[in-house]
Amino acid sequence: MVRVGSSPGSPGPTSPVVWALPALVTAAAAVAAVVIVSAPARTPVAWVGAVAFVAVALSCAEAARRGRAIAALRATVAGQEASLSRQEAETVRLAQDLLPDVVERLRKGEFPDEVLASLEDPDAYEPGLTPAFRAAHQAVLRSVLDAVVAEEDLRDSAQRAFVNIARRVQAIVHQQAQELREMEDRHGHSPEVFGDLLRLDHGTALIGRLADSIAVLGGARPGRQWSKAVPLYSVMRGAMSRIIDYQRVELHSVSQVAVVGPAVEPLIHALAELLDNATRYSPPRTKVHLTAVDVNSGIAVEIEDGGVSMSEEARKRAERMLRQAQQGIDLNDLGETPRLGLAVVGRLAQAYDFQVSLRSSAYGGVRAVLVIPQALITTAEAATGVAHGIGTASGPRAALPAAARPAAAQAAIPPARTEAA
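Heads up: the sequence shown runs through residues 190 to 610, numbered per our numbering.
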């Protein structure tokens with residue numbers, strides 16, 4: 190067992206009796222020599238023995254003094270090693286536990302002063318730590334708190350700026366859509382003009398979707414509000430109307446249910462982003478299949494394309510992007526050429542409890558599944574709104590029969606669109 194006050198592997202303090210033994214042995218040897226030698230030699234032998242005894246005694250005394258000094262130094266070193274060990278353990282705890290916890294609490298909305306006050310309790314530290322060490326740790330925590338708060342403020346400012354920019358674009362898009370509707374009313378009798386106006390109207394809808402995506406990434410919700418429940422079929426048609434290649438989407442069987450008003454626009458936007466990915470990353474002549482079926486947890490909307498199937502690594506990367514977006518994506522992480530689709534879907538999934546997964550498709554491409562929870566589903570009888578998209582009904586006025594439309598105008602007509610209720 191190691192003595193208290195000694196370093197591991199080193200002997201403990203030596204007893205004074207041990208140090209006196211050489212002097213006692215020398216004295217005994219001198220006395221024995223005096224007794225043994227003849228009378229004429231006894232005096233010189235006695236003097237030699239006395240000198241030897243004094244020399245050995247002085248040496249033993251010095252050795253004892255140095256031994257005590259070494260023992261004291263060992264005790265000091267042992268104390269310093271113990272203190273360093275405690276400080277090292279506390280530093281490791283600071284790096285591995287305290288700092289991540291502080292950052293997480295700040296991101297959850299706690300105030301910096303409250304977080305710091307909870308860490309200033311002396312009982313929160315290992316016993317035996319010096320006040321200077323605790324003060325140094327507090328200074329480190331304050332610096333980290335200040336840095337995190339500054340970063341969060343900068344991020345919030347950037348997100349607010351994104352949202353403000355998106356809202357301005359949305360206002361411009363809304364105004365342009367109003368003007369296009371007025372022009373459609375005035376020029377509905379002319380097939381060529383009407384077809385051109387429809388293409389402009391559709392392009393305006395695409396710009397509006399991009400503005401909505403920017404707003405969602407900035408922490409806001411999509412711009413439009415729906416006060417009434419909308420049939421799921423109409424919601425899916427609305428998602429089709431907001432992509433470029435809507436003609437390639439085939440809408441199959443759809444459950445006879447409706448989506449509650451607050452979830453209509455987020456669901457349209459999420460499906461539009463998934464449909465856009467499906468059409469963008471599959472061959473231009475292939476079809477994209479859109480289906481909605483009942484499942485135990487709600488309604489599963491399936492989007493299957495005929496593109497190249499994702500590798501397992503690519504699928505994991507895409508699902509990791511979805512999870513990161515659900516946890517709160519940083520705008521700085523989007524990169525110089527951002528792919529907004531999955532990031533937007535992830536944010537909407539987190540806000541409205543959608544479940545999104547990506548799998549291999551039976552058509553050889555990718556199958557995206559978005560599950561709408563039961564809480565956002567209502568009966569079709571309760572649905573009185575229509576969400577085929579934005580703008581007015583995308584068809585010529587009654588004065589122009591459908592049979593009279595030229596092929597160019599027919600091709601330009603996206604799924605029928607009506608304004609949000």
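Glycine included, C-beta positions come from ideal geometry on N, C-alpha and C.
A quick note: this is a predicted structure, and the numbers were derived from the prediction, not measured.
Per-residue DSSP class, three states only, for residue i
| i | result |
| --- | --- |
| GLN544 | strand |
| ALA306 | helix |
| ALA209 | helix |
| PRO411 | coil |
| PRO473 | coil |
| VAL337 | helix |
| ILE225 | helix |
| ALA216 | helix |
| ALA532 | helix |
| ALA551 | coil |
| VAL497 | coil |
| ALA418 | coil |
| ILE566 | strand |
| VAL352 | helix |
| VAL362 | helix |
| ILE457 | helix |
| PHE322 | helix |
| GLU368 | helix |
| ASP434 | coil |
| GLU299 | coil |
Contacts around residue i, its chain only, beta-carbon distance under 6 Å, and the 5 residues preceding and following it disregarded
| i | result |
| --- | --- |
| GLN348 | GLY407, GLY408 |
| PRO301 | LEU334, VAL338 |
| THR581 | Only weak support is given to the placement of THR581: the predicted model assigns it a pLDDT of 33, under 50, and the value that follows is read from those uncertain coordinates. Result list for THR581: ARG370, in chain order. |
| ARG357 | none |
| GLU493 | HIS478, SER550, TYR552, ARG556 |
| ALA246 | ALA212 |
| TYR541 | ALA452, PRO455 |
| ILE403 | PHE351, ALA355 |
Cross-strand partners of residue i (DSSP beta bridge)
| i | result |
| --- | --- |
| LEU440 | LEU479 |
| VAL484 | GLY487 |
Burial state of residue i (16 or more Cβ within 10 Å)
| i | result |
| --- | --- |
| TRP415 | buried |
| ALA462 | Correcting the residue type first, residue 462 is Glu in the shown sequence and not Ala. By the 10 Å Cβ count, GLU462 comes out buried. |
| GLU371 | exposed |
| GLN269 | exposed |
| ILE579 | Note on ILE579: pLDDT 40, under 50, position unreliable in the model; no value is reported. |
| GLY298 | exposed |
| GLY637 | The question about residue 637 has no answer, for the chain in this structure spans 190 to 610. |
| THR568 | exposed |
| GLN367 | exposed |
| VAL362 | buried |
| GLU525 | Any reading at GLU525 needs caution, since the residue's pLDDT is 46, under 50, leaving its predicted position unreliable; the model's value is listed next. GLU525 should be labelled exposed. |
| GLU279 | buried |
| GLU293 | exposed |
| LEU343 | exposed |
| HIS326 | buried |
| THR215 | buried |
| LEU421 | buried |
| VAL281 | exposed |
| ALA588 | At ALA588 the pLDDT is 37, less than 50, meaning the model places this residue with poor confidence and gives no usable figure here. |
| SER332 | exposed |
| ARG413 | buried |
Residue range of the unbroken beta strand (DSSP E) whose run includes residue i
| i | result |
| --- | --- |
| PRO612 | The requested residue 612 does not occur in the structure, where the chain is confined to residues 190 to 610. |
| VAL240 | Element bounds for VAL240: not the beta strand (DSSP E) but the alpha helix (DSSP H), 228 to 282. |
| GLU491 | 487 to 493 |
| VAL446 | 446 to 448 |
Contact set for residue i: own chain, Cβ-Cβ below 8 Å, skip 5 residues either direction
| i | result |
| --- | --- |
| VAL424 | VAL448, VAL453, LEU456, ILE457, LEU460, ALA576 |
| SER442 | THR480, ALA481, VAL482 |
| HIS376 | VAL382, PHE383, LEU386 |
| ALA223 | First, the amino acid is wrong: residue 223 is Val here, not Ala. The answer, listed in chain order, is ARG231, VAL234, ALA235, GLY238. |
| GLN563 | SER486, GLY487 |
First and last residue of the uninterrupted alpha helix (DSSP H) at residue i
| i | result |
| --- | --- |
| GLU381 | 380 to 406 |
| ALA428 | 421 to 429 |
| VAL291 | 288 to 296 |
Other residues of its chain near residue i: CB distance less than 7 Å, five sequence neighbours each side excluded
| i | result |
| --- | --- |
| LYS476 | ARG437, GLU439, GLY495 |
| LEU537 | VAL405, PRO455, HIS458, ALA459, PHE543 |
| ALA306 | none |
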